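Reading through the structure tokens given below for one structure.
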Amino acid sequence: MLTGKGMTEINKTIISGGVIITLLIIVAIIAPLISPSEPLAQNLSASLSSPGGSAFFGTDSLGRDIFSRVVYGSRISLTVGITVLTLTLFLGTFLGMLAGYFGGVLDSVLMRVSDVFMSFPPLVLAMIVMAFIGPGIANLVGVLVIIRWPQFARLVRGQVISVKGMAYVDAARIAGTHPLKIVLKHILPNCFAPVITYGTMSVGAIIIDETALSFLGLGIQPPAPSWGVMLADAKNYIAAAPWLVIFPGLAMIVTVLGFNLLGDGLGYLLNPKQRERIEVTHGNIKG
Amino acid sequence: MQKNKMIVLHVLVIFIISMLLFNGCGNNKTNSEQVSDTKNPVAGGVLRCALLNDPVSLDPANFFEELGIEVGKEIFDGLVDIDFTSKKIIPAHAERWDNKDNRIYTFYLKKGTKFHNGKEVTAEDFRYSFDRLLNPATAAKIGWLLEPIKGAAARLSGKASITEGIKVIDKYTLEITLEKPFPGFLSTLAQPGAAVVDRDTVEKLTGAFAATGAKPEMIVGSGPFKLSQWEPKNVIKLVRNDDYYGPKAYLDGIDFRIIADETTTLNEFRAGNLDFIDRVPPGQSGVVEKEFPGQVLRNRMWDIEFVGFNMTKAPYRGNAKLRQALNFAVDREGIIKAVVEGRGEPAKGVIPPGMAEYNKDLNGYTYDPSKASALLAEAGFPKGQGLPELELSFNKDRETNQKIAEAVQAQLKAIGVRIKLKGQPEAIFQEDVVGGNFNMFKVSWSADTMDAGSVLYPLFSSKAENLPRYANSEVDRLLDEAQTISDDGRRRQLYRQIEQKVLEDTPGIWLFHSVSLYLKGRNVNGINENPMDLVPFSSVWISR
Amino acid sequence: MFKYVVRRLLILIPILLGVALISSLMFYIVPGDIVRVMLGQHVDPYTYANVRTALGLDIPFGENFLGFMRNICRGDLGFSYIQQRSVNQVILEALPVTIKLTVVSLLVTIIVGIPVGILAAVKDRRAIGQAVNYGAMIGFSMPSFLLALFLQLFFGVWLGWFPIAGSGRGLISYVLPGLAIGLPLAAFYARVARASMLEVLTQEYILFATARGLPFNRVIINHGLRNALIPVITQIGMDFGMFMTGAVLTETIFNLPGMGRLIFSSINARDFPVLRGALLFSALIVVIVNLLVDLSYIRLDPRIASAIVREGSDADR
Chain A
1 MLTGKGMTEI
11 NKTIISGGVI
21 ITLLIIVAII
31 APLISPSEPL
41 AQNLSASLSS
51 PGGSAFFGTD
61 SLGRDIFSRV
71 VYGSRISLTV
81 GITVLTLTLF
91 LGTFLGMLAG
101 YFGGVLDSVL
111 MRVSDVFMSF
121 PPLVLAMIVM
131 AFIGPGIANL
141 VGVLVIIRWP
151 QFARLVRGQV
161 ISVKGMAYVD
171 AARIAGTHPL
181 KIVLKHILPN
191 CFAPVITYGT
201 MSVGAIIIDE
211 TALSFLGLGI
221 QPPAPSWGVM
231 LADAKNYIAA
241 APWLVIFPGL
251 AMIVTVLGFN
261 LLGDGLGYLL
271 NPKQRERIEV
281 THGNIKG
Chain B
1001 MQKNKMIVLH
1011 VLVIFIISML
1021 LFNGCGNNKT
1031 NSEQVSDTKN
1041 PVAGGVLRCA
1051 LLNDPVSLDP
1061 ANFFEELGIE
1071 VGKEIFDGLV
1081 DIDFTSKKII
1091 PAHAERWDNK
1101 DNRIYTFYLK
1111 KGTKFHNGKE
1121 VTAEDFRYSF
1131 DRLLNPATAA
1141 KIGWLLEPIK
1151 GAAARLSGKA
1161 SITEGIKVID
1171 KYTLEITLEK
1181 PFPGFLSTLA
1191 QPGAAVVDRD
1201 TVEKLTGAFA
1211 ATGAKPEMIV
1221 GSGPFKLSQW
1231 EPKNVIKLVR
1241 NDDYYGPKAY
1251 LDGIDFRIIA
1261 DETTTLNEFR
1271 AGNLDFIDRV
1281 PPGQSGVVEK
1291 EFPGQVLRNR
1301 MWDIEFVGFN
1311 MTKAPYRGNA
1321 KLRQALNFAV
1331 DREGIIKAVV
1341 EGRGEPAKGV
1351 IPPGMAEYNK
1361 DLNGYTYDPS
1371 KASALLAEAG
1381 FPKGQGLPEL
1391 ELSFNKDRET
1401 NQKIAEAVQA
1411 QLKAIGVRIK
1421 LKGQPEAIFQ
1431 EDVVGGNFNM
1441 FKVSWSADTM
1451 DAGSVLYPLF
1461 SSKAENLPRY
1471 ANSEVDRLLD
1481 EAQTISDDGR
1491 RRQLYRQIEQ
1501 KVLEDTPGIW
1511 LFHSVSLYLK
1521 GRNVNGINEN
1531 PMDLVPFSSV
1541 WISR
Chain C
2001 MFKYVVRRLL
2011 ILIPILLGVA
2021 LISSLMFYIV
2031 PGDIVRVMLG
2041 QHVDPYTYAN
2051 VRTALGLDIP
2061 FGENFLGFMR
2071 NICRGDLGFS
2081 YIQQRSVNQV
2091 ILEALPVTIK
2101 LTVVSLLVTI
2111 IVGIPVGILA
2121 AVKDRRAIGQ
2131 AVNYGAMIGF
2141 SMPSFLLALF
2151 LQLFFGVWLG
2161 WFPIAGSGRG
2171 LISYVLPGLA
2181 IGLPLAAFYA
2191 RVARASMLEV
2201 LTQEYILFAT
2211 ARGLPFNRVI
2221 INHGLRNALI
2231 PVITQIGMDF
2241 GMFMTGAVLT
2251 ETIFNLPGMG
2261 RLIFSSINAR
2271 DFPVLRGALL
2281 FSALIVVIVN
2291 LLVDLSYIRL
2301 DPRIASAIVR
2311 EGSDADR
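Protein chains in written order, with our numbering: chain A, 1 to 287; chain B, 1001 to 1544; chain C, 2001 to 2317.
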């Protein structure tokens, strides 16, 4: 299926995704330089002004500049996305590795536990936990990691099991190589490909989760300029001030699209067969 | 090559469409017809309004929620009523009454007044109805309403089998003795929950009487309207009581349609299917005022939204200048316009305009940032230096609180005072406030009687709930004195004095008094301002 | 075969038990006094004592939980003290709304998603296939609540074609919410269908069939489709839970009084009996649907059926 033309297409996907994400990161870093105002600065007399003049995206009900808030919001989304991904990656990989390599009781227990987690619709689980432990960014990151690790663990476990059966691993074991060395030298490298692909695509889903929870008031708290918080605000003014919905919404779509494109491209690049399997098993929050 | 362009194109197209469209959109209906203004009320017509949900119960003992009260107040009557225009207590079943020191009230009932089922209403019926509210077996949600009555506490806890303070003198005379003098007691008796119920009906049908969807023959009151139909999730219909002992209502009936959503309610009104709505969805206030000129009524409520300080803690304790500085730093008009869409009046002090005790010459607080900075420096914190970060607690289940808190935070920051916001779910917030576990808190306090004491006493007397933990012995003394003065004029004057004193100490930042918006059809008349948000439908009429 | 069904059922019971257990634990780990949290600070002592007893807070957890399980077997999911009516009633009221919404969303997803995915696979080398693939990518990047807001804005406010809130106007009220949930999922399933179809198209038997001279379309429909659909159906089954309770955000935005909004509002109102009942009920539905999906597998793919029969008494799946 992969013709020469196919390869350039894959490259284009990776590049477009990469470009979007790089731009996003740059925007997040230089946020103070490109924002006309502080994201929290209010101007009550300019409440709900439509885009124009110095406020290119308009203002919200407290007169805060939407453009500045969207730009600073990118910092929140990226931070949460990458932090959660990193933590989930480590936790999921570690546990998946253990389960896959040692098998037996450890494996069964892990599988059952992850089953229970996966049978709760993730958003509902997140909502309930956040409602109890209280909102805030630390709690949010914790909860997002809790709902995402089973999928990573399963992925890694699957990889480990398939690699474990290969001849060279058996050979290494018979030769008496320490299990840790086997894992690090032979098994781990084979996990990279699917984990990276899946991980990249997960960032989009994580950002969506954070936005959804903040939208419900259970994640990042106002007045912080998270896109979810901005959308929650916008909901009431949808008829009177549509710009409150449009700009944070577009920002979100573009961001998630960037990560999805990159992940997609990487998937094709690294292993087309694997990519199909990932698409079938990975979940997303579609509330 | 197409794919990337495709994506960019998609995004651009969405962007361009949005830019084009939202610039030219909005509701362009013009309503140039005048509101019909016939002077003389005519009888006839059915008023169609909306409720967000079915009331939990039409039993007066459960009139703790708006829905039940809105419907029930037309069906049930009590001893007295309130006329908000003249700010007087007017007769309902009681034609006159004696008041000794605001403590012993004797009511003389009108003779020949009847329940909807034809039975006559007597003093014994009132004794039964009030005792029923205090009877633990009823588990009345509003039992606390009659707590001021002597022996109420014993009755509520089950230690007594009757309420000591309620005595039937003869068939048409009822005497009520209170535990302590309480000038707001007559207002309390005007509340919809303090109504007379028919003992036979109630005792036969407890349970069914109290539930949703009760049948008309179970809901027996003595008010200007009768229940004719209750279809849960659909409609509640009332019809005029032609045997009413008082002035008969003009409307033939009232239909309360159950519409679970404010936007749909507004749309139904626009479509002409509703005659009156008392709740405009957020974001629509400006739109509605332009769309229906002359049909929007601003209803000033008897409440005060304010930020209270914990007067037992630093830095508030002992530093009046600081507290005053904070008051001058807040842009009340800005908040009203931006956060509550103009539905408020800036508060110079505590007592809301519209209450008889309101002092229009009050020496109160306004928005004056330079004065605020000056006072702040005098208080020992020039430009806010030396002040720790303060924490503002509020109930985040009420949407506007979040925005109000953010606005206050920004405005105080402008003079150098830093605040951290602590929004909490309602139950936890209440616990914290009652327990004194807060630094500053934002709260809204409504007068539940026609007496300013119901605002001043609970908030500022060290013997009462006293949320800000304010303690001023002079104010305490004056408040207690006011409780015993039965002459309205003198008492009101005393309240004004008390308010002025409190404002010098200012245990809080006074933000604004709420205004609610009513929207009425062009041919609907007789909807008067009602600060407790309970429009009496008996004075409403529909012109042809 | 029968043994297979029974075994599947047996696995599902612990899951339901787990959900019931965790939701019952909620009552005990709430910060603060749970009765006061539910009914407010000023609840009178009489009501307070009544509700505490009724919730069984003063008897040991094990006993309380068993009592709850017994009630469930009788079909009683509890009583809401805040709303003053039984949880069953509350759920039965919310259920029809969610069912309608789920059906509409499912229709949207299947009608839009699968043909689009198949089209993209079949025309993969042409521009249109690629365009559709990337269109699906965008759709997939848009969470349903965002799409809900945009749809509300565009079709509800600007064009006024559909109601933007409430379930009052009958089936038409479900169009926008259904699209909001259905379209992003359609995009996702389109990609799954596409991937699955692509894999099938490369199989030898397809090549063989075309070589024999069968028209391409017939080949796709008769041979390719069936196999391609299996992963899609699995996924739909697994995601059914998403349709039901994941509609929380969409129902909130469109103010539809369904199960999703019920779960959210009971979390906010701290109405724990309703929350517990709703969660349990949703879990039950999800579990049943999963079972049905598994069973339908057997019809669709004879290879699986024979595998099951051969499996016999294997302990693990």
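The beta carbon of each residue, even a glycine, is placed where N, CA and C say it ideally should be. Because the structure is a prediction, the values reported are computed rather than measured.
Next item on the list: Tell me whether the beta-carbon of L2101 of chain C lies closer than 8 Å to the beta-carbon of G2237 of chain C.
Entry: Counting from one through the third sequence, the residue named residue 2101 of chain C turns up at place 101. Counting from one through the third sequence, the residue named residue 2237 of chain C turns up at place 237. No, they are not a contact pair.
Notebook entry, point to check: Given a threshold of 16 other Cβ atoms within 10 Å of its Cβ, counted over all protein chains shown, does V105 of chain A qualify as buried or as exposed?
Noted result: Counted from its first residue, the first sequence places residue 105 of chain A at position 105. That one is exposed.
Next item on the list: Check whether the Cβ atoms of V1287 of chain B and A131 of chain A lie closer than 8 Å to each other.
Entry: Counting from one through the second sequence, the residue named residue 1287 of chain B turns up at place 287. Counting from one through the first sequence, the residue named residue 131 of chain A turns up at place 131. No, Cβ-Cβ distance for V1287 of chain B and A131 of chain A is not below 8 Å.
Note to self: Assuming D1476 of chain B is part of the alpha helix (DSSP H), what are its boundary residues?
What the structure shows: Here residue 1476 of chain B refers to the residue found at position 476 of the second sequence. Following the DSSP letters along the chain, one finds D1476 of chain B inside the alpha helix (DSSP H) bounded by residues S1473 to T1484.
Margin query: Within 8 Å of any Cβ in chain B, is that where the Cβ of L270 of chain A sits?
Written below: Indexing the first sequence from 1 puts residue 270 of chain A at position 270. Closer than 8 Å: no.
Check: Is A1260 of chain B near G1078 of chain B, with beta carbons less than 8 Å apart?
Finding: As a working note, residue 1260 of chain B is residue 260 in the second sequence. As a working note, residue 1078 of chain B is residue 78 in the second sequence. No, the Cβ-Cβ distance between A1260 of chain B and G1078 of chain B is not below 8 Å.
Note to self: Let me check one thing: in DSSP terms, what residues is L1392 of chain B bridge-paired to?
What the structure shows: Looking up residue 1392 of chain B in the second sequence gives position 392. In DSSP, L1392 of chain B forms a bridge with B:L1421 and B:M1440.
Next item on the list: Tell me, please, which residues DSSP counts as bridged to D1083 of chain B.
Entry: The residue given as residue 1083 of chain B occupies position 83 in the second sequence. Answer by DSSP bridge pairing, in chain order: B:K1088.
Checklist line | Anticipated Cβ contact below 8 Å, T1312 of chain B with S1222 of chain B, distance rounded | finding: The count along the second sequence starts at 1 and reaches residue 1312 of chain B at position 312. The count along the second sequence starts at 1 and reaches residue 1222 of chain B at position 222. That pair is no contact at about 49 Å.
Checklist line | Backbone secondary structure at G1253 of chain B - three-state DSSP | finding: Mapped onto the second sequence, residue 1253 of chain B falls at position 253. Here G1253 of chain B sits in strand by DSSP.
Next item on the list: Could you run through the segment 114-147 of chain A and flag, in chain order, every residue whose CB is less than 8 Å away from some CB of chain C?
Entry: Listed by position along the chain: D115, V116, S119, F120, P121, L123, V124, M127, I128, A131 and F132.
Check: Which first and last residues belong to the beta strand (DSSP E) in which Q1229 of chain B is found?
Finding: Here the question's residue 1229 of chain B lines up with position 229 in the second sequence. Where Q1229 of chain B is concerned, the enclosing beta strand (DSSP E) stretches over F1225 to E1231.
Item checked: Bridge-paired residues (DSSP) for F1309 of chain B -> Mapped onto the second sequence, residue 1309 of chain B falls at position 309. Answer is B:M1440.
Item checked: For S1446 of chain B, the residue or residues it bridges with in DSSP -> For this step, residue 1446 of chain B is matched to residue 446 along the second sequence. Per DSSP, B:D1303.
Next item on the list: Could you tell me if C2073 of chain C is buried or exposed, where buried requires 16 or more neighbouring beta carbons within 10 angstroms of its beta carbon?
Entry: For the purposes of this step, residue 2073 of chain C is identified with residue 73 of the third sequence, where counting begins at 1. Exposed, since its Cβ has fewer than 16 Cβ neighbours within 10 Å.
Next item on the list: Just the chain C side, please: which residues come within less than 7 Å of N260 of chain A by C-beta, in chain order?
Entry: In the first sequence, the residue the question calls residue 260 of chain A occupies position 260. Taking the beta carbon of N260 of chain A as reference, the chain C residues within 7 Å of it are M2137, F2140 and S2141, listed in sequence order.
Note to self: Measuring straight from C-alpha to C-alpha, what distance separates R2008 of chain C and L2291 of chain C?
What the structure shows: Within the third sequence, the letter at position 8 stands for residue 2008 of chain C. Within the third sequence, the letter at position 291 stands for residue 2291 of chain C. Straight-line Cα distance between these residues: approximately 7 Å.
Check: Three-state secondary structure (DSSP) at V1035 of chain B?
Finding: Within the second sequence, residue 1035 of chain B is the residue found at index 35, counting from 1. Note that V1035 of chain B has pLDDT 40, beneath the 50 cutoff, so the model's placement of it is unreliable and the number below is only indicative. The answer is coil: DSSP assigns V1035 of chain B none of H, G, I, E or B.
Checklist line | Any 3 or more C-beta pairs closer than 8 Å across the segment 1470-1480 of chain B and the segment 1231-1241 of chain B | finding: no
Notebook entry, point to check: In three-state DSSP terms, what is Y268 of chain A?
Noted result: The residue given as residue 268 of chain A occupies position 268 in the first sequence. Three-state DSSP puts Y268 of chain A in a helix.
Check: Would you say T1264 of chain B reaches chain C, if we count a Cβ-Cβ gap shorter than 8 Å as a contact?
Finding: For the purposes of this step, residue 1264 of chain B is taken as the residue at position 264 of the second sequence. Output row for T1264 of chain B: interface = yes.
Margin query: Please tell me whether V2030 of chain C has its Cβ less than 8 Å away from any Cβ of chain A.
Written below: To locate residue 2030 of chain C, count along the third sequence from 1; it is residue 30. True, the Cβ-Cβ gap to chain A drops below 8 Å.
Margin query: Excluding the 5 residues flanking N139 of chain A on each side, which residues of the same chain have their C-beta closer than 7 Å to its C-beta?
Written below: Working through the first sequence from its first residue, we reach residue 139 of chain A at position 139. Cβ within range, chain order: M130 and I133.
Margin query: Tell me which residue opens and which closes the beta strand (DSSP E) that Y1518 of chain B is part of.
Written below: Looking up residue 1518 of chain B in the second sequence gives position 518. It spans G1508 to K1520 - the beta strand (DSSP E) in which Y1518 of chain B sits, taken as one unbroken run.
Next item on the list: Using a Cβ cut-off of 8 Å (strictly closer), state whether N236 of chain A contacts chain B.
Entry: As a first step, residue 236 of chain A is located in the first sequence; it is residue number 236 there, counting from the start. Cβ-Cβ to chain B under 8 Å: yes for N236 of chain A.
Check: Along chain C, which residues have their Cβ under 9 Å away from the Cβ of D1397 of chain B?
Finding: Stepping through the second sequence from its first residue, residue 1397 of chain B is reached at position 397. Chain-ordered, the chain C residues with CB closer than 9 Å to the CB of D1397 of chain B read N2268 and A2269.
Notebook entry, point to check: Where does S54 of chain A land, buried or exposed, given buried means 16+ other C-beta within 10 angstroms?
Noted result: Sequence index remark: in the first sequence, residue 54 of chain A carries index 54 (1-based). Classification for S54 of chain A: exposed.
Item checked: C-beta neighbour in chain C for V1235 of chain B, strict 8 Å -> Here the question's residue 1235 of chain B lines up with position 235 in the second sequence. Not one beta carbon of chain C lies nearer than 8 Å to the beta carbon of V1235 of chain B.
Margin query: Please state the DSSP three-state secondary structure of F2079 of chain C.
Written below: As a position in the third sequence, residue 2079 of chain C is number 79, starting the count at 1. F2079 of chain C: strand per DSSP, three-state reduction.
Check: With a cut-off of 8 Å, does the C-beta of R2036 of chain C fall near any C-beta of chain B?
Finding: Working through the third sequence from its first residue, we reach residue 2036 of chain C at position 36. Taking CB atoms only, R2036 of chain C has a neighbour in chain B less than 8 Å away.
Check: So which residues on chain B does S61 of chain A lean against when the C-beta distance must stay under 8 Å?
Finding: On the first sequence, position 61 is the one that residue 61 of chain A refers to. Those within 8 Å of S61 of chain A in chain B are A1338, V1339 and K1403.
Checklist line | Spatial distance of T59 of chain A from S1129 of chain B (CA atoms) | finding: Taking the first sequence and counting its residues from 1, one reaches residue 59 of chain A at position 59. Taking the second sequence and counting its residues from 1, one reaches residue 1129 of chain B at position 129. Cα to Cα, the separation comes out at about 55 Å.
Check: Run through DSSP, which three-state label would W2161 of chain C get?
Finding: Along the third sequence, one-based indexing puts residue 2161 of chain C at 161. Looking at W2161 of chain C - three-state DSSP - the assignment turns out to be coil, as it is neither helix nor strand.
Next item on the list: Run the CB neighbour count on W2161 of chain C, radius 10 Å, all protein chains shown included, and call it buried at 16 or more, exposed below.
Entry: Locating residue 2161 of chain C in the third sequence gives position 161, counting from the first residue. Classification for W2161 of chain C: exposed.
Check: Along the chain, where does the beta strand (DSSP E) that runs through R1240 of chain B open and close?
Finding: Here residue 1240 of chain B refers to the residue found at position 240 of the second sequence. Taken as a continuous stretch (DSSP letters only), the beta strand (DSSP E) holding R1240 of chain B covers V1235 to R1240.
Notebook entry, point to check: Could you give the residue range of the alpha helix (DSSP H) that holds V2104 of chain C?
Noted result: Along the third sequence, one-based indexing puts residue 2104 of chain C at 104. Segment V2087 to V2108, the alpha helix (DSSP H) holding V2104 of chain C.
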